[in-house]
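A.B. asks: First the structure, then my questions, so here it is.
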Amino acid sequence: MRPEIRALQDALAEQGYIAEPAIATALFLAREMKKPLLIEGDAGVGKTEVGKVLARVLGTELIRLQCYEGLDVNTALYEWNYQRQLVRLRIAEQNGQDPSKLEEMIFGREYLLERPLLRAITRREGPAVLLVDEIDRADEGFEAFLLEVLSDFQVTIPELGTIRAEHVPYVVLTSNRTREIGDAVRRRCLYLDIPHPSLEKEVRIIHTKVPGVSERLADQIARFAQALRVRRLARSPGVAETIDWAQALTRLHQDRLDLGTVRETLGCVVKDRRDVDELTDAELSALIAQAAETTAG
Amino acid sequence: MSERDLVVHLAGFAGALRTGGVRVSLSDELDAAQALTLVDLLDRDEVRRSLLVSLRIRPGDRARFDDLFDRFWIAGGSPRHPAAAMMQVIQSRHPSAVERQMTTVPASEPNEASTAGESDQANDGAPGYSPDALLRKKPFDECTREELHEMEMLLATLSLKLATRRSRRLIPTRGRGAVDLRRSFRRAIGTGGELRWLARRAHAIERPSLVVLCDTSGSMDSHARFLLTFMLSLRRVARRIELFAFNTALTRLTPFLTGGYRRGGSAAIEGDAQSRVSSVLARLAAEVPDWSGGTRLGECLAEFVERHGSQLVDSTATVVIVSDGLDRGDPDILVRAMRAIQSRAWKVIWLNPLLGDSRYRPLARGMQAALPFIDRFAPAHNLESLERFITHLEVA
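These protein sequence lines map, in sequence, to chains G and Y. Every position in the first sequence, counted from 1, becomes a number in this note's numbering once 744 is added. Every position in the second sequence, counted from 1, becomes a number in this note's numbering once 277 is added.
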């Protein structure tokens, strides 16, 4: 393994993110090749966390754009501060100012509201980390627009002209795969698929995120979650859920799983009513026994 | 290995991936070449990881990638002869079954039950007689080959009327919709701060996205060809369409749909439609194993949910299942799969050709199991029923 990749992996671990070589390699390549990184994976495998921890490792600002259906340019890129412009116009009218100067003034940078994409490319202090979260939620039309920004890192505002990136930001896009991301965006990015973690990794993650957790509980929770993922649930639990669960059980001073507690706190890991209904006490007991047995041995 | 060798070898590897059905573009290759200059070539796993990232290998293609990677990149980074590896790939492809499909023209055995009801209805419409009207009511399994061709043409025009749905996205409109303050203010700047004109916006209209699962088993044989044609013609009006065929196994057909109709096609293209449909169907038949064999409905739907469910089915997708519901498998598997589909999809429509027969009751075990998870259960035995189906795609 290249020393730089190893170093990056260690730096990520220092910031509390346990990265497999695959994740470290992808981040290294994205940084070196100056390309956005598209991360896909099921909900709760830690995609968003990659962006956040990258910002911490690089010691730079994290600029986050949360996507949703109906997201448009005015929320993502820029917006004129119309209210302020109108007030300015009224004041100018009363003072009888020169109209041509006035126009220049109200379409100046201080009347521009920077939204995440614009902020990411105008940041002066150095490249920021731009996290475009859940891109699959945005419309396909927005994807096309994003493509334009990501390919040139410049934005044209009719009243102001073209704004070029001061520094090309590190871009991380995440997708829950609720829909297929267009080929054009895919081609512009490097690609990383994050699967659910292995048992060992999950145990390590629980220990990192929940310091007070007992050795035995962390192991049992991880085994339980892994067994749940094998079952075909409507919504499989992600790492985020197992961390929540570990936190909840630690708060309750549990150091192992038993049927009563599991039943009461099942909502932390299984978040679909039909799944909860389907998991009978007998089945839960079997899962608990399975998780406990291997720990004891 | 020199850099030049590396590039040549990489090109061979990319070619083998493409032959193996993994989508790899030229820009993927260029990125991969650059990535390889950045990593430790002696670390085989690192080479593998960086190729995964730079060639943008999707999880579904991972197994094939790993398989080819093992053949192309041996420890130490020195390549085996690429050509030999490629030959292996080409030979492992199954011989096609085009000829077999070409004979799968719908049987013209008359179906007595539906003939009685349907042809009476057709005759009732005599005053406004048009051959179209008759064709619309004729069950597919009674049609001659020529009639089917005519029906296919009719379908092409019909699918244009496909319904639409309103999106969450707001777009500027004239004279209707809610007031758009942002644009109104924007306008006011031009008139020196005077708000003279209110801009408005309303929800955009969006075409539906469809996921179609079509049963091609023996019991569906007389319908399959026609229904597939219908689904192909829907492509022109749907925003996105994913097509699967299933019998004993599930096959994703979407990749074969490219290069067919163009949206808003002219009459010239329309005339071409016939041959397009035939050639697409021939390709489909070549790809689908066990065309017109038995059905494993539950298993196939479960496989669909597992492999494609999260990617293709979301709250904007209409899932259309075309099947007679004759399943010999475990109904529990079917129930589980149907529940998963319904919980994700915007709407689930089940088209059943048998429903055209007035005596038919959905008693088959599979059909019984699936019924609670269906938003709309509709017949699909003649053109008229498909016409109605199109209007069901509309949003409530």
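Note that beta-carbon positions come from the ideal geometry of N, C-alpha and C, so glycine has one too.
Hey, does residue 316/Y have any beta-carbon neighbour from chain G nearer than 7 Å?
C.D. replies: Translated into the one-based positions of the second sequence, residue 316/Y becomes position 39. For residue 316/Y, the answer is yes, since a Cβ of chain G falls inside 7 Å of its Cβ.
A.B. asks: How far does the alpha helix (DSSP H) with residue 529/Y in it extend, from its first residue to its last?
C.D. replies: For the purposes of this step, residue 529/Y is taken as the residue at position 252 of the second sequence. That residue, residue 529/Y, is in no alpha helix (DSSP H); its beta strand (DSSP E) goes 527–529.
A.B. asks: Is there a Cβ from chain Y that is less than 7 Å from the Cβ of residue 883/G?
C.D. replies: Counted from its first residue, the first sequence places residue 883/G at position 139. Taking Cβ atoms only, chain Y reaches closer than 7 Å to residue 883/G, which makes this a yes.
A.B. asks: Taking only three categories from DSSP, how would you classify residue 1013/G?
C.D. replies: Stepping through the first sequence from its first residue, residue 1013/G is reached at position 269. Residue 1013/G: coil per DSSP, three-state reduction.
A.B. asks: Leaving out five residues before and five after residue 912/G in sequence, what residues of the same chain have Cβ atoms less than 7 Å from its Cβ?
C.D. replies: Walking along the first sequence from the start, residue 912/G turns up at place 168. Excluding positions up to five away in sequence, the list reads 778, 871, 897.
A.B. asks: Using three-state DSSP, classify residue 1030/G as helix, strand or coil.
C.D. replies: Within the first sequence, the letter at position 286 stands for residue 1030/G. Of the three classes helix, strand and coil, the one that applies to residue 1030/G here is helix, per DSSP.
A.B. asks: Roughly how far, in whole angstroms, is the beta-carbon of residue 993/G from the beta-carbon of residue 770/G, given that I think they are within contact range, below 8 Å?
C.D. replies: As a working note, residue 993/G is residue 249 in the first sequence. As a working note, residue 770/G is residue 26 in the first sequence. At roughly 33 Å, the Cβ-Cβ gap does not stay under 8 Å, so residue 993/G and residue 770/G are not in contact.
A.B. asks: For the region 449–483 of chain Y, enumerate the residues whose C-beta is nearer than 7 Å to any C-beta of chain G, in chain order.
C.D. replies: Correct list: 459, 462, 463, 465, 466, 469, 470.
A.B. asks: Ignore the nearest five residues each way along the sequence and tell me which others in residue 823/G's own chain have a CB closer than 7 Å to its CB.
C.D. replies: Looking up residue 823/G in the first sequence gives position 79. Excluding positions up to five away in sequence, the list reads 857, 859.
A.B. asks: Determine which residues of the region 328–347 of chain Y have a Cβ less than 9 Å from any Cβ of chain G, and write them out in chain order.
C.D. replies: Cβ contacts with chain G: 329, 330, 331, 332, 333, 334, 335, 336, 339.
A.B. asks: Would a check of beta-carbon distances place residue 841/G closer than 7 Å to chain Y?
C.D. replies: By 1-based counting over the first sequence, the position of residue 841/G is 97. No, residue 841/G lies away from the interface with chain Y (no Cβ there is under 7 Å from its Cβ).
A.B. asks: List the residues of chain Y that residue 1009/G touches, going by C-beta distances under 8 Å, in chain order.
C.D. replies: Within the first sequence, numbered from 1, the residue matching residue 1009/G stands at position 265. Correct list: empty, because the minimum Cβ distance to chain Y is about 23 Å.
A.B. asks: Taking residue 769/G as the query, report the chain Y residues whose CB atoms sit under 8 Å from its CB, ordered along the chain.
C.D. replies: The residue labelled residue 769/G in the question sits at position 25 within the first sequence. Chain Y residues near residue 769/G: 316, 323, 326, 327, 330.
A.B. asks: Listed from N- to C-terminal order along the chain, which residues in the region 750–766 of chain G have their beta-carbon within a distance smaller than 8 Å of any beta-carbon of chain Y?
C.D. replies: Residues 765, 766.
A.B. asks: Residue 955/G and residue 969/G - do their beta-carbons sit closer together than 7 Å?
C.D. replies: Taking the first sequence and counting its residues from 1, one reaches residue 969/G at position 225. Taking the first sequence and counting its residues from 1, one reaches residue 955/G at position 211. Contact flag unset, no.
A.B. asks: Assess contact between the region 341–349 of chain Y and the region 289–300 of chain Y, defined as three or more Cβ pairs (one per stretch) separated by less than 8 Å. Is contact present?
C.D. replies: The region 341–349 of chain Y, when compared against the region 289–300 of chain Y, does touch it at the 8 Å Cβ threshold.
A.B. asks: Would you kindly check if the distance between the Cβ of residue 789/G and the Cβ of residue 965/G is under 7 Å?
C.D. replies: Stepping through the first sequence from its first residue, residue 965/G is reached at position 221. Stepping through the first sequence from its first residue, residue 789/G is reached at position 45. Contact: no.
A.B. asks: Given a cut-off of 7 Å, decide if residue 915/G and residue 747/G are closer than it, judged by their beta-carbon atoms.
C.D. replies: Numbered from its first residue, the first sequence carries residue 747/G at position 3. Numbered from its first residue, the first sequence carries residue 915/G at position 171. Their beta carbons are not under 7 Å apart, which means residue 747/G does not touch residue 915/G by this criterion.
A.B. asks: Tell me the start and end of each unbroken alpha helix (DSSP H) in the region 971–1012 of chain G that is at least 4 residues and wholly inside, in chain order.
C.D. replies: For the region 971–1012 of chain G, whole alpha helix (DSSP H) runs of length 4 or above, ordered along the chain, are 983–995, 1003–1009.
A.B. asks: Going by DSSP, name the residue or residues bridged to residue 624/Y.
C.D. replies: Residue mapping note: residue 624/Y aligns to position 347 of the second sequence, counting from 1. 595/Y, per the DSSP bridge assignment.
A.B. asks: Going by DSSP, what residue range makes up the beta strand (DSSP E) through residue 469/Y?
C.D. replies: One-based indexing of the second sequence puts residue 469/Y at position 192. Per DSSP, residue 469/Y belongs to no beta strand (DSSP E) and is neither H nor E.
A.B. asks: Shortest alpha-carbon distance to residue 517/Y belongs to which of 988/G, 910/G, 883/G?
C.D. replies: Along the second sequence, one-based indexing puts residue 517/Y at 240. With distances taken between Cα atoms, residue 517/Y lies closest to 883/G.
A.B. asks: What did DSSP end up calling residue 349/Y once you bin it into helix, strand or coil?
C.D. replies: Locating residue 349/Y in the second sequence gives position 72, counting from the first residue. In the structure shown, residue 349/Y sits in a helix (DSSP, three-state: H, G or I).
A.B. asks: Excluding the 5 residues flanking residue 606/Y on each side, which residues of the same chain have their C-beta closer than 7 Å to its C-beta?
C.D. replies: Looking up residue 606/Y in the second sequence gives position 329. Here the set comprises 573, 574, 575, 576.
A.B. asks: Taking Cβ-Cβ distances below 8 Å as the criterion, which residues of the region 606–639 of chain Y are in contact with chain G?
C.D. replies: Residues 613, 616, 617, 620.
A.B. asks: Which class does residue 914/G belong to by DSSP, given the choice of helix, strand or coil?
C.D. replies: Here residue 914/G refers to the residue found at position 170 of the first sequence. Note: residue 914/G maps to strand in three-state DSSP.
A.B. asks: Assign residue 468/Y to one of two classes, buried (16 or more other C-beta atoms within 10 Å of its C-beta) or exposed (fewer than that).
C.D. replies: Against the second sequence, residue 468/Y aligns to sequence position 191. Burial call: exposed.
A.B. asks: Below 7 Å between beta carbons is the criterion; list the residues of the region 922–936 of chain G that meet it against any residue of chain Y, in chain order.
C.D. replies: Residues passing the 7 Å Cβ filter: 922, 923, 924, 930, 931, 934, 935, 936.
A.B. asks: In chain G, which residues lie with their C-beta within 9 Å of the C-beta of residue 288/Y?
C.D. replies: Taking the second sequence and counting its residues from 1, one reaches residue 288/Y at position 11. Within chain G, no residue comes near residue 288/Y; the closest Cβ sits about 18 Å away, beyond 9 Å.
A.B. asks: Could you tell me if residue 786/G is buried or exposed, where buried requires 16 or more neighbouring beta carbons within 10 angstroms of its beta carbon?
C.D. replies: Residue mapping note: residue 786/G aligns to position 42 of the first sequence, counting from 1. Its Cβ being crowded by 16 or more others within 10 Å, residue 786/G is buried.
A.B. asks: With 7 Å set as the bound, which would you pick, yes or no: does the beta-carbon of residue 973/G sit closer than that to a beta-carbon of chain Y?
C.D. replies: Counted from its first residue, the first sequence places residue 973/G at position 229. Taking Cβ atoms only, chain Y never reaches closer than 7 Å to residue 973/G, which makes this a no.
A.B. asks: Against residue 293/Y, what residues of chain C qualify as contacts under a CB-to-CB distance less than 7 Å, listed in chain order?
C.D. replies: Any reference to chain C falls outside this structure, whose protein chains are G and Y.
A.B. asks: Does DSSP classify residue 287/Y as helix, strand or coil?
C.D. replies: Within the second sequence, the letter at position 10 stands for residue 287/Y. In this structure, residue 287/Y counts as helix in the three-state DSSP scheme.
A.B. asks: Using a Cβ cut-off of 7 Å (strictly closer), state whether residue 441/Y contacts chain G.
C.D. replies: As a working note, residue 441/Y is residue 164 in the second sequence. Bear in mind that a pLDDT of 49 at residue 441/Y, under 50, signals an unreliable position, so the number given afterwards is only what the model happens to contain. So no, residue 441/Y is outside the interface.
A.B. asks: Would you identify the three-state DSSP class for residue 635/Y, choosing helix, strand or coil?
C.D. replies: Along the second sequence, read from residue 1 onward, the residue named residue 635/Y stands at position 358. It is coil, neither helix nor strand.
A.B. asks: Pick out the complete alpha helix (DSSP H) segments inside the region 826–900 of chain G, 4 residues or longer, and give them in chain order.
C.D. replies: You should have 826–839, 843–850, 860–866, 884–896.
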